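Q: Sharing a structure with you now.
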Amino acid sequence: MNGEKNYICSHSLNLTNQNAMINRELINPQSIVVVGGSNNVHKPGGRIVRNLLDGKYKGELCVVNAKETDVQGVKSYPSVHDIPKTELAIISIPSKSCPEVMEVLARQKEVKAFIVISAGFGEETHEGGILEQQMLDVVNEAGASLIGPNCIGLMNMNYHGVFTQPIPEFHPDGVDFISSSGGTALFIIESALTKGLRFSSVWSVGNSKQNGVEDILEYMDRNFDPVLDSKIKMLYIEQIKQPDKLLYHASSLIRKGCKIAAIKAGSTESGKRAASSHTGAIASSDSAVEALFRKAGVVRCFSREELTTVASIFTLKEVKGKNCAIVTHAGGPAVMLADALSKGRLNVPSLEGPIADELKSKLYPGAAVGNPIDIIGTGTPEHLATAIDFCENRFDNVDLMMVIFGSPGLVKLYDTYEVLHKKMEACKKPIFPILPSIVTAGPEVKSFVKKGHVNFSDEVTLGTALSRVINTPKPMSTDIQLYGVDVPEVRRIIDRLPGRGYLNPEEVRTLLRAANIPLVEEYASDDRDALLAFAKKVRYPVVAKVVGPVHKSDIGGVALNIRGEEHLLFEYERMMRLPGVTGVMVQPMLKGQELFLGAKYEDRFGHVVFCGLGGIFVEVLKDVSYGLAPLSYDETYSMIRSLRGYPIIKGTRGQKGIDERQYADIIVRLSTLLRFASEIKEMDINPLVATDRGLFAVDARIRIEKSSDRLA
1 MNGEKNYICS
11 HSLNLTNQNA
21 MINRELINPQ
31 SIVVVGGSNN
41 VHKPGGRIVR
51 NLLDGKYKGE
61 LCVVNAKETD
71 VQGVKSYPSV
81 HDIPKTELAI
91 ISIPSKSCPE
101 VMEVLARQKE
111 VKAFIVISAG
121 FGEETHEGGI
131 LEQQMLDVVN
141 EAGASLIGPN
151 CIGLMNMNYH
161 GVFTQPIPEF
171 HPDGVDFISS
181 SGGTALFIIE
191 SALTKGLRFS
201 SVWSVGNSKQ
211 NGVEDILEYM
221 DRNFDPVLDS
231 KIKMLYIEQI
241 KQPDKLLYHA
251 SSLIRKGCKI
261 AAIKAGSTES
271 GKRAASSHTG
281 AIASSDSAVE
291 ALFRKAGVVR
301 CFSREELTTV
311 ASIFTLKEVK
321 GKNCAIVTHA
331 GGPAVMLADA
341 LSKGRLNVPS
351 LEGPIADELK
361 SKLYPGAAVG
371 NPIDIIGTGT
381 PEHLATAIDF
391 CENRFDNVDL
401 MMVIFGSPGL
411 VKLYDTYEVL
421 HKKMEACKKP
431 IFPILPSIVT
441 AGPEVKSFVK
451 KGHVNFSDEV
461 TLGTALSRVI
471 NTPKPMSTDI
481 QLYGVDVPEV
491 RRIIDRLPGR
501 GYLNPEEVRT
511 LLRAANIPLV
521 EEYASDDRDA
531 LLAFAKKVRY
541 PVVAKVVGPV
551 HKSDIGGVAL
561 NIRGEEHLLF
571 EYERMMRLPG
581 VTGVMVQPML
591 KGQELFLGAK
601 YEDRFGHVVF
611 CGLGGIFVEV
621 LKDVSYGLAP
631 LSYDETYSMI
641 RSLRGYPIIK
651 GTRGQKGIDE
661 RQYADIIVRL
671 STLLRFASEI
681 KEMDINPLVA
691 TDRGLFAVDA
701 RIRIEKSSDR
711 LA
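Numbering (the working numbering), first residue to last: 1 to 712.
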């Protein structure tokens, strides 16, 4: 790593959305009108009114319904022309009527916030899209906020403006939840309720015509109050329209003390084209999302249960290590939990020695203390308290505790769960309650949760989710670091290249040299005498490769371990007869660990950089790690160390490891090169060989595509 750091300003972020607008009238309206409200609570308009009333909305409430004068005890007006001035309108009427109604509300009734429940817009037809745009024009002209259309609504501690069930418990320390999908939001809420997770707000953005997930996250970031606001965010995202905005505000919130868990459903639009490079074949359409979340510090989840489990973990005391103690009275769940933790690279350390012997003496005969600590089925609440106290105060190699305690239905567990409640309040180390008997001990579990706790009823789900939390890196810097990369030279090279296609070997080497990436010596020519002279200079054994075809090995265009002149001449003559070959390249045969490095450009996201071990690790096991360019050194080290094959990089079983610092250096330089060369769409350095003399790029491919050609 070069000692000199040359910083430039953060790369330009696409953070603007002129349509986005969140205001006080949407968050905390003093008056609400439900357009389309009714006495039928089995219809959306009727259920909205019922939810507002049940939620004890404190402001002025009225309804527009041409057929009713009284809706569930609330005054109803025949037309929007008749209502008093109002701050928020919740609209549940046929889509074709929405623009006209909203125009009256905005211009005559000074409505500054709209929640449009109605469907039948751009999600269905072109005509619906026109109506949707008309609504947006009305809202923007009035300087108002719009949520939806085609959503379930918005609910927070001020009002419950939704037409659905269930309504969760709201609390200042609860979770802020933003969802692209209303139906999915409800299922996620159901999952959260079983764990005792509380909410601060629930946002359903529907078609996101004015405000999407990224915009609400921006509002939460720019208006964040560290004393009053929730520090836990859950996201369900179906399309990331503004990756830069999501990255910027998610990482900003996390740096302010928040924790964010997210599901990204579906895949990005990119990745549909058949990839021609090695990296393109490895990269899934989801790689950019994975890299974005890693850079932002967002914990990525893949199911509703995992999302709500991670959010529940966020409510507990912060985990400050990877050493887990399992306290249980049933062996099986403890073993499954230990397996899940180990798979997630967390530790279940052995507890032994005099302190462990002392703990064992205080438990019933037959108890085990090696970790898991099994107080056996007849263990008492006092035994549970003792085991927790030892983990808290006596065992230095314990960072957190997981307590598994259910019931066979023979005894009540109120006393046991009261002990657990008090210990969770008093202990500095976090305690994760796994109370699986939600039927047999249902009342006891409910009583425990009502005291403000969450419950993880499944130990493996918890172990997997905790691993995701602990292994997610902190937010990374988006500053570009110029470690020896000659940016002007990079631009000169790119600007004089032809419009599209794979670069020839000399063009590739020129670009990599500008990025200060070490290259193996090589010589390419169709002159056999010149190739023989080069081989003699660098000394045998050498490698010969064809020049011209992209996939050299597929046509037999690579020959390794060539040990003499006669062998090289044979390979030269054979290769020159292969289709599409314009010459032969000769390199010295390097010995060492093969590494892989590549990148792929994703629309809107930028370059996703891949790293890993070469050979079978990348070809078969797909053991690669992703990062979003530009990469900082911290981010790069995190990528390298997240590889399953990292022990080989570090050095294992007597084998010497590679120079991890130089590997990180090359990755960072490559990411900087890519930041200033968006024309590069795919590239591989494969292999990058780690030798006793350092790391050297042996083979590389780069495909470019200039914007003028893309538009043609």
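We treat Cβ as the ideally placed atom computed from N, Cα and C, and that holds for glycine.
As the structure is a computational prediction, the values presented were derived from the model and not from experiment.
Please identify the residue among M401, A441, G501 and A426 whose C-alpha is closest to the C-alpha of P408.
A: Against the sequence shown, residue 408 aligns to sequence position 408. Closest option to P408, Cα to Cα, is A441.
Q: Are K422 and I431 closer than 8 Å when you measure CB to CB?
A: As a working note, residue 422 is residue 422 in the sequence shown. As a working note, residue 431 is residue 431 in the sequence shown. For K422 and I431, no; Cβs fall outside 8 Å.
Q: Let me know the beta strand (DSSP E) ranges lying completely inside the segment 474–515, each 3 residues or longer, listed in chain order.
A: 500–502
Q: Assess contact between the segment 535–545 and the segment 578–589, defined as three or more Cβ pairs (one per stretch) separated by less than 8 Å. Is contact present?
A: The segment 535–545 vs the segment 578–589: in contact.
Q: In the structure shown, what three-state DSSP assignment does Q30 receive?
A: Taking the first residue of the sequence shown as 1, we reach residue 30 at position 30. Coil.
Q: So the candidates are T472, Q655, I438 and A664; which of them puts its Cα closest to the Cα of I640?
A: Translated into positions along the sequence shown, residue 640 becomes position 640. That would be A664, whose Cα lies nearest to the Cα of I640.
Q: To which residues of the same chain is D692 closer than 6 Å at the C-beta, ignoring the five residues directly before and after it?
A: Indexing the sequence shown from 1 puts residue 692 at position 692. Here the set comprises nothing.
Q: Going straight from the alpha carbon of L186 to that of T164, what length do you get?
A: Here residue 186 corresponds to residue number 186 of the sequence shown, with the count starting at 1. Here residue 164 corresponds to residue number 164 of the sequence shown, with the count starting at 1. Distance between the alpha carbons of L186 and T164: 8 Å.
Q: Give me the Cα-Cα distance between I470 and Y159, rounded to the nearest whole angstrom.
A: Translated into positions along the sequence shown, residue 470 becomes position 470. Translated into positions along the sequence shown, residue 159 becomes position 159. Going from the Cα of I470 to the Cα of Y159 covers about 35 Å.
Q: Where L351 and N156 are concerned, what is the direct C-alpha to C-alpha distance, given to the nearest angstrom?
A: Reading the sequence shown from its first residue, position 351 is the one you call residue 351. Reading the sequence shown from its first residue, position 156 is the one you call residue 156. Roughly 46 Å separates the two Cα atoms.
Q: Assuming C98 is part of the alpha helix (DSSP H), what are its boundary residues?
A: Here the question's residue 98 lines up with position 98 in the sequence shown. Where C98 is concerned, the enclosing alpha helix (DSSP H) stretches over C98 to Q108.
Q: Assign K272 to buried or exposed, taking buried as 16 or more other Cβ atoms, counted over all protein chains shown, within 10 Å of its Cβ.
A: Along the sequence shown, one-based indexing puts residue 272 at 272. Confidence in K272 is poor, its pLDDT being 40 and thus under 50, which makes the residue's placement unreliable; the coordinate value appears in the next sentence. So K272 counts as exposed.
Q: With distance defined between alpha-carbon atoms, name the residue in A142, S361, L146 and D396 nearest to S118.
A: Here residue 118 corresponds to residue number 118 of the sequence shown, with the count starting at 1. Residue L146 is the option with its Cα nearest to S118.
Q: Measuring alpha carbon to alpha carbon, tell me which residue in L337, E87 and L674 is nearest S457.
A: By one-based count along the sequence shown, residue 457 stands at place 457. Checked all of L337, E87 and L674; the closest Cα to S457 is L337.
Q: Shortest alpha-carbon distance to V162 belongs to which of R563, G183 and V547?
A: As a working mapping, residue 162 is identified with position 162 in the sequence shown. When only C-alpha atoms are compared, the closest one is G183.
Q: Strictly by DSSP, which residues pair up with N207?
A: By one-based count along the sequence shown, residue 207 stands at place 207. N207 is not bridged to any residue.
Q: Output the boundary residues of the beta strand (DSSP E) element that contains L695.
A: For the purposes of this step, residue 695 is taken as the residue at position 695 of the sequence shown. L695 -> beta strand (DSSP E) spans G694 to A697.
Q: Which parts of the segment 564–589 are runs of the alpha helix (DSSP H), unbroken and 4 residues or longer, counting only runs that do not cross its ends?
A: Complete alpha helix (DSSP H) runs here, min 4: 565–576.
Q: Kindly indicate the opening and closing residues of the beta strand (DSSP E) around K233.
A: Counting from 1 along the sequence shown, the entry for residue 233 is found at position 233. Here the beta strand (DSSP E) through K233 covers I232 to I237.
Q: Going along the chain, which residues of its own chain have a beta-carbon closer than 6 Å to the beta-carbon of H171, five neighbours each way excluded?
A: On the sequence shown, position 171 is the one that residue 171 refers to. Only R198 meet the Cβ criterion.
Q: Let's see if you can read the secondary structure: which residues bound the alpha helix (DSSP H) around N65?
A: To locate residue 65, count along the sequence shown from 1; it is residue 65. That residue, N65, is in no alpha helix (DSSP H); it is neither H nor E in DSSP.
Q: Along the chain, where does the beta strand (DSSP E) containing P172 start, and where does it finish?
A: As a first step, residue 172 is located in the sequence shown; it is residue number 172 there, counting from the start. Per DSSP, P172 belongs to the beta strand (DSSP E) from F170 to S179.
Q: Which of the three DSSP states is assigned to M424 in this structure?
A: By one-based count along the sequence shown, residue 424 stands at place 424. In the three-state scheme derived from DSSP, where H, G and I count as helix and E and B as strand, M424 is classed as helix.
Q: Along the beta strand (DSSP E) that carries V609, what are the first and last residues, could you check?
A: In the sequence shown, residue 609 corresponds to position 609, counting from 1. Here the beta strand (DSSP E) through V609 covers G606 to L613.
Q: Can you tell me where the beta strand (DSSP E) holding V263 begins and where it ends?
A: Numbered from 1 along the sequence shown, position 263 holds the residue referred to as residue 263. With the sequence shown as reference, residue 263 is identified as Ile, and Val is not the correct amino acid for it. Taken as a continuous stretch (DSSP letters only), the beta strand (DSSP E) holding I263 covers K259 to K264.
Q: If you check the beta carbons only, do I32 and L53 fall under 8 Å apart?
A: Indexing the sequence shown from 1 puts residue 32 at position 32. Indexing the sequence shown from 1 puts residue 53 at position 53. Cβ distance not < 8 Å, so I32 and L53 don't count as in contact.
Q: Quick one: residues in its chain with C-beta nearer than 6 Å to the C-beta of G120, no 5 flanking neighbours on either side, listed in chain order?
A: The count along the sequence shown starts at 1 and reaches residue 120 at position 120. Excluding sequence positions up to five before and after G120, its CB lies within less than 6 Å of the CB of S95 and G128, all in the same chain and listed in chain order.
Q: According to DSSP, which residues form a beta bridge with F114?
A: As a first step, residue 114 must be located in the sequence shown, where it is residue number 114. Per DSSP, A89 and L146.
Q: Can you tell me whether DSSP reads T125 as helix, strand or coil?
A: In the sequence shown, residue 125 corresponds to position 125, counting from 1. Of the three classes helix, strand and coil, the one that applies to T125 here is coil, per DSSP.
Q: Based on the DSSP secondary-structure assignment, which residues constitute the bridge partners of P433?
A: For the purposes of this step, residue 433 is taken as the residue at position 433 of the sequence shown. In DSSP, P433 forms a bridge with V403.
Q: Checking the sheet assignment: what are the DSSP bridge partners for L595?
A: Sequence index remark: in the sequence shown, residue 595 carries index 595 (1-based). For L595, which the question treats as bridged, DSSP gives the partners L613 and L688.
Q: Who are the near neighbours of A20 in its chain, counting only those whose CB is closer than 6 Å to its CB and skipping five residues on each side?
A: Counted from its first residue, the sequence shown places residue 20 at position 20. So the list reads N211 and D215, once near-sequence residues are dropped.
Q: Return helix, strand or coil for K245, following the three-state DSSP convention.
A: To locate residue 245, count along the sequence shown from 1; it is residue 245. Correct three-state label for K245: helix.
Q: Residue range of the alpha helix (DSSP H) that N51 falls in?
A: On the sequence shown, residue 51 is found 51 positions in, with the first residue counted as 1. N51 -> alpha helix (DSSP H) spans P44 to D54.
Q: Between I83 and K75, what straight-line distance do the alpha-carbon atoms span, to the nearest angstrom?
A: If you number the sequence shown from 1, residue 83 lands on position 83. If you number the sequence shown from 1, residue 75 lands on position 75. For I83 and K75, the distance between alpha carbons rounds to 10 Å.
Q: Give me, in chain order, the residues of the same chain whose beta-carbon lies closer than 6 Å to that of G583; leave out the 5 immediate sequence neighbours on both sides.
A: Taking the first residue of the sequence shown as 1, we reach residue 583 at position 583. If we look at G583 and ignore the five residues flanking it on each side, its Cβ neighbours are A524, S525, D526 and V547.
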